[in-house]
Amino acid sequence: MIRIPCPYCNLRNASEFRYVGEAGARPNPDRVTPAQWRRYLYEAANPAGWTAELWYHTMGCRRFLRVERHTVTGEIRSASPAGRHLESSPDAVPTVADSGAPDAGGHP
Amino acid sequence: MRGARGTPWPRSFSKHDLAPSYDVVIIGAGVHGLATAYYLAANHGITNVAVLDKGYLGGGASGRNTAIVRSNYLTPEGVRFYDRSVKLYENLAAELNYNVMFSQRGHLTLAHNDSSLRTMHWRAEVNKLQGVDSEVIGPEETKRLVPYLDISRRARYPVLGSLYHPPGGTIRHDAVNWGYARAAEHLGVQIHQHTEVTGIDVQHGRVTGVRTTRGDVSAPIVVNATAGWASTICDMVGIRLPLVTHPLQAAVTEPVKVFLETVVVSGSLHVYVSQTDRGELVFGASVDPFPSYSMRGSLEFTEELAGHVLELMPSIAKLRVLRQWAGVCDMTPDYSPIMGKTPVEGFLVDVGWGTYGFKAGPVAGETMAEQVATGKVPELFATFDLARFAEGRLVGEKGAAAVGH
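If you read the protein sequences in the order shown, they are chains A and B.
Taken in order, the first sequence gives residues 23 to 130; the numbers are from this note's numbering.
Taken in order, the second sequence gives residues -9 to 395; the numbers are from this note's numbering.
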């Protein structure tokens, strides 16, 4: 069982929460390209390591939280009110290059 | 180890030094990687192949699944694909000269409400059109196949019927891995265990080789067959795929005399159960509710599982759970895999298997080998390409999931 230090309800079992997805601002639907929107919908970073994500405290305060969690060890570094992370941002664009093809030269 | 006559048993596979180059490098020595290597050698004569694994052979999802094989899927593409796998499994012991203990004992998916019964009818009709033996049967007939099942109206989740799939069953998953490994090795393929890939070299959009903990290797073709860890390998070439990794847990009980002859699945109760040849009950459930690469079991899993199994079969309340474990699954948005070419030339993927990977092992190997050898997309997986997410051609296979993941 992993436990999440909810800023409103203190340390609670993860089963009280609903996992929402990786944290990151939603691109503005009016200005986004179909490719960017698709990336926002589908292409998670899915890292084996530290990641920032959104959780919803279904059986508690019913607030959205931004949680930093290690996906291999289950360790949680922080949990804070999601706040502005939920708002859509006109500047938010996904991090992978548009073409989908990596640059020549190999290692990132 | 010594055989019955006192002579040493021949080793099934041996250790090799890593060669400086191979024609094909396959990352992941699970059933998919090993089957791809085997069919490359057996069907296409390509034997200068290395299969690399950071751990031991078959130590990931290939050795952690609940060993169930079936082809009663929901989409025609899915049914055709997994049915080819069942056909290959049927002949696998003879083909590999290795007893894989395939037991086609029948596969039952219970329906506890009208909507699941509707999906069962839908699946049965799709299955029949593809020539797969699959039909919806009533509660009484289900009870005849599984006498210990509670089909009474008093049950909290009454059994309204079930999807019966006679060719489905179980297989010894380790034997499948070992069999493919041995057969591939006999044809000249090299399997390198404990050889972790740390980087992939790409020049001008083309794969040129891989870097490993045992040295660098050049290869014009690299196949990513790493299931749950697929994203970590794709990161090395800068490709992001629509994958999310979730653990899937399973458990076994102490062995008892045979009383359960078929595989029983309940989607509503999130559980599937079968009895092994040595009498243990093997249980599986849905994936964990949030992404993780952790392979530790959890108490919530065991607790929920036990409750659900006892809804179905109250009489096994005294059975003790011997052990539980987890494997990791790379889930795609539509529950169908991602196979074939990627934007990096020479870098092929055989990923996104979610909870279906083991069932698809042989056919994935056969078709990936064809893709590698001929450069053409095999018809069987043409719709499982990466471009489908961009083009809105998803192959929705969630309705065929054993349990509601």
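Virtual Cβ for every residue (Gly too), placed ideally from N, Cα, C.
- Just so you know, the alpha carbons of B/Arg268 and B/Leu312 end up roughly 13 Å apart.
- Residues of the segment 92 to 105 of chain A with a C-beta atom less than 8 Å from some C-beta of chain B are Thr93, Val94, Thr95 and Gly96, listed in chain order.
- Put simply, the CB of B/Arg383 is far from chain A, with every gap to its CB atoms at 8 Å or more.
- Contact between the segment 296 to 316 of chain B and the segment 186 to 196 of chain B is absent: fewer than three C-beta pairs spanning the two stretches fall below 8 Å.
- Secondary structure of B/Lys331 (DSSP, three-state): strand.
- For a Cβ distance threshold of 9 Å, residue set Arg230, Leu231, Pro232, Leu233 and Phe379 of chain B lies close to A/Glu65, ordered along the chain.
- The residue among B/Gly20, B/Ala390 and B/His182 with its C-alpha nearest the C-alpha of B/Val341 is B/Gly20.
- Following the DSSP letters along the chain, one finds B/Leu100 inside the beta strand (DSSP E) bounded by residues His97 to Ala101.
- Beta-bridge pairing by DSSP links B/Leu289 to no other residue.
- DSSP places B/His155 inside the beta strand (DSSP E), whose first and last residues are Gly151 to His155.
- B/Gly274 is bridged by DSSP to B/Ala240 and B/Tyr262.
- If you draw a straight line from the Cα of B/Ser93 to the Cα of A/Asp52, it is about 55 Å long.
- Exposed is the label assigned to B/Arg310, since fewer than 16 other Cβ atoms lie within 10 Å of its Cβ.
- Interface with chain A (8 Å Cβ-Cβ cutoff): B/Thr222 is included.
- Non-local beta-carbon contacts of A/Phe39 in its own chain, meaning distances under 7 Å to residues more than five positions away in sequence, involve Ile26, Trp77, Tyr78, His79 and Thr80 in chain order.
- Per DSSP, A/Asn35 is not a residue of any alpha helix (DSSP H); the beta strand (DSSP E) it occupies stretches across Asn32 to Asn35.
- Shown here, B/Gly347 sits in a helix according to DSSP, grouped into three states.
- Residue pairing by DSSP places A/Arg25 opposite A/Asn35 in a beta bridge.
- At least one beta carbon of chain B lies nearer than 8 Å to the beta carbon of A/Tyr41.
- Residue range Gly205 to Ser208 is occupied by the beta strand (DSSP E) that includes B/Gly205.
- With a threshold of 16 other beta carbon atoms within 10 Å, A/Met23 falls short and is exposed.
- For A/Tyr41, the beta-bridge partners assigned by DSSP are A/Trp77.
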